[in-house]
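Undergrad:
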Amino acid sequence: MIDDKIVLTGIKPTGTPHIGNYIGALKPLIDLSQNHKTIMFIADLHALNAERDAKAIKQHTYEIAALMIVMGLNLENTAFFRQSDVDEIYKMSNFLMNVTPKGLMNRAHSYKAKVEKNTEIGEDVDAGVNMGLYTYPVLMAADILLYNSDIVPVGKDQKQHVEFARDIAGYFNNIYGETFKLPTPVIGEDTGVLPGLDGRKMSKSYDNTIPLFAPSNELKKKIMRIITDSKTPEEPKNPDESTIFQIYKCFANESEIAALRKRFLDGGMGYGEAKTILFEKIDSVLSEPRKEYERLMANKSEIDAVLAEGAKRAGFIAAKTIAKVKKKMLG
Ligand code: ADP
Ligand code: TRP
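Take any residue in the sequence shown, note its place counting from 1, add 312, and you have its number in the working numbering.
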């Protein structure tokens, strides 16, 4: 059943999506889109404060878009688009600047972290901080309020930004009268942290990732590089401490998971064999979507067409909001 609440979220295109991103962030969004009206965009404007390479932003935008499409995002329920393609966002962000206290921005976690780091190393507090970074929460509030969203599913690190959007909506409503709904942040079910090749959190900052759609030979090479302890094949092994098993759990069904768990506990299986089992599983689960992903990446106009349709749907809502806001602020 479709709930009539509007769910909104943005995905920042800052890297080639890896298995950790997929399991922790993208798959839960695809699942949500099956029974909610969803506004979902690739937040390319949010990438601008740190990424200076336009080609990289464009490429990562296509990668995420293609991934979402082939992994089953429900495009009937979802307006799926590029943030920068709906012109009203620039207006909204500018309007909201005028009701946002500077002090609120000073309290933003990511800005504060920069200031603390600068202080520690004896730099000027604002060294390396551009206005895009400083006003990042206003742009995010603009996203959230422009599309009348009710629910904003985010990771813990983004919760404060959604709370700021509520605050900014409140300031606006106080000055100009009831205009915006107050959005609610929803912290998704904790999918846990998926470990990467070296056992630390899979993250592009650690260079230990497995891209979701790595070609088969690259996938195999990466999996064979997963670091393990030095137990012999005969020894029983703890599946819950094994990166191989943690990743396997994301792709196998329940009986397959139980079977591999048993083989870990029983002993008699070397890590090389476990890696081969993991590789074969991922390779078979992803082989069809990977073909479709590669096809789309070679035909980007098809991705553009999906995103353009989404921008049209989102633009319709955005235009109405902007007309209302402009009237309230400028008469
Ligand atoms: P990275 O750590 O590679 O830079 P990001 O910080 O850009 O990834 O994360 C984007 C989203 O993917 C976030 O919502 C984050 O929670 C999720 N995510 C990233 N890595 C993992 C992981 N190893 N396990 C679970 N979720 C992850
Ligand atoms: N700032 C979010 C992130 O870094 C991405 C994002 C941009 C977003 N606009 C949003 C998330 C609006 C939720 C709602 O992950």
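Idealized CB from N, CA, C, for every residue including glycine.
Remember, it's a predicted structure, so these values are computed and weren't measured experimentally.
(1) Figure out for me which residue from Ile-539, Ser-528, Thr-491 and Arg-478 has the closest Cα to the Cα of Leu-509.
(2) Please tell me whether Leu-344 and Met-380 are closer than 8 Å, where the distance is taken between their beta carbons.
(3) With hydrogens ignored, establish whether the beta-carbon of Ser-554 is closer than 7 Å to any heavy atom of the ligand ADP.
(4) In three-state terms, what does DSSP make of Leu-494?
(5) Of the choices Ile-351, Lys-367 and Ile-318, whose alpha-carbon is the least far from that of Gly-327?
(6) The beta strand (DSSP E) spanning Ala-391 covers which residue range?
(7) Is the beta carbon of His-348 within less than 7 Å of some heavy atom of the ligand TRP?
(8) Just to confirm, are Leu-416 and Ala-454 a CB contact at a threshold of 8 Å?
(9) Considering only DSSP beta bridges, list what Met-452 is partnered with.
(10) If the criterion is Cβ atoms closer than 8 Å, does the pair Met-404 and Leu-360 meet it?
(11) Quick check: does the Cβ of Met-514 come within less than 7 Å of any heavy atom belonging to the ligand ADP?
(12) Between the alpha carbons of Thr-447 and Ala-571, how many angstroms are there, rounded?
(13) Apart from the five residues just before and just after Ile-331, which ones in its own chain have a Cβ nearer than 6 Å to its Cβ?
(14) CA-CA distance, Lys-532 and Ser-599?
(15) How many Å lie between Ser-528 and Thr-588 at the Cα?
(16) Alpha carbon to alpha carbon, what distance is there between Glu-547 and His-348?
(17) Please indicate yes or no: does the CB of Ile-376 lie closer than 7 Å to some heavy atom of the ligand ADP?
(18) Since Val-637 is in the alpha helix (DSSP H), which residue starts that stretch and which ends it?
(19) What does a CB cutoff of less than 6 Å around Val-382 pick up in its chain, not counting 5 residues either side in sequence?
(20) Taking the CB atoms as reference points, tell me whether Pro-545 and Thr-321 lie closer together than 8 Å.
TA: For this structure:
(1) Working through the sequence shown from its first residue, we reach residue 509 at position 197. The residue with the shortest Cα to Cα distance from Leu-509 is Ile-539.
(2) Locating residue 344 in the sequence shown gives position 32, where the first residue counts as 1. Locating residue 380 in the sequence shown gives position 68, where the first residue counts as 1. Against a cut-off of 8 Å, the Cβ pair of Met-380 and Leu-344 comes out as no contact.
(3) For this step, residue 554 is matched to residue 242 along the sequence shown. Incorrect: Ser-554 has no Cβ contact closer than 7 Å to the ligand ADP.
(4) Translated into positions along the sequence shown, residue 494 becomes position 182. Coil, per DSSP.
(5) Numbered from its first residue, the sequence shown carries residue 327 at position 15. Checked all of Ile-351, Lys-367 and Ile-318; the closest Cα to Gly-327 is Lys-367.
(6) As a first step, residue 391 must be located in the sequence shown, where it is residue number 79. Unbroken beta strand (DSSP E) run through Ala-391: 390–394.
(7) Here residue 348 is taken as the residue at index 36 of the sequence shown, counted from 1. Not so, every heavy atom of the ligand TRP lies at least 7 Å from the Cβ.
(8) Walking along the sequence shown from the start, residue 416 turns up at place 104. Walking along the sequence shown from the start, residue 454 turns up at place 142. Not closer than 8 Å, so no.
(9) If you number the sequence shown from 1, residue 452 lands on position 140. DSSP output for Met-452 lists no bridge partner at all.
(10) Position 92 of the sequence shown, counted from the first residue, corresponds to residue 404. Position 48 of the sequence shown, counted from the first residue, corresponds to residue 360. Their beta carbons are not under 8 Å apart, which means Met-404 does not touch Leu-360 by this criterion.
(11) Within the sequence shown, the letter at position 202 stands for residue 514. Met-514: yes, Cβ under 7 Å from the ligand ADP.
(12) Mapped onto the sequence shown, residue 447 falls at position 135. Mapped onto the sequence shown, residue 571 falls at position 259. One C-alpha to the other measures close to 51 Å.
(13) As a working note, residue 331 is residue 19 in the sequence shown. Ile-522 and Leu-524, listed in sequence order.
(14) Stepping through the sequence shown from its first residue, residue 532 is reached at position 220. Stepping through the sequence shown from its first residue, residue 599 is reached at position 287. For Lys-532 and Ser-599, the distance between alpha carbons rounds to 13 Å.
(15) Here residue 528 refers to the residue found at position 216 when the sequence shown is read from its first residue. Here residue 588 refers to the residue found at position 276 when the sequence shown is read from its first residue. Straight-line Cα distance between these residues: approximately 12 Å.
(16) Against the sequence shown, residue 348 aligns to sequence position 36. Against the sequence shown, residue 547 aligns to sequence position 235. Rounded to the nearest angstrom, the two C-alpha atoms are 48 Å apart.
(17) For the purposes of this step, residue 376 is taken as residue 64 along the sequence shown, with counting starting at 1. Not under cutoff, so the answer is no.
(18) By one-based count along the sequence shown, residue 637 stands at place 325. That run of the alpha helix (DSSP H) goes 612–642.
(19) Here residue 382 corresponds to residue number 70 of the sequence shown, with the count starting at 1. If we look at Val-382 and ignore the five residues flanking it on each side, its Cβ neighbours are Pro-601, Glu-604 and Tyr-605.
(20) Translated into the one-based positions of the sequence shown, residue 545 becomes position 233. Translated into the one-based positions of the sequence shown, residue 321 becomes position 9. Their beta carbons are not under 8 Å apart, which means Pro-545 does not touch Thr-321 by this criterion.
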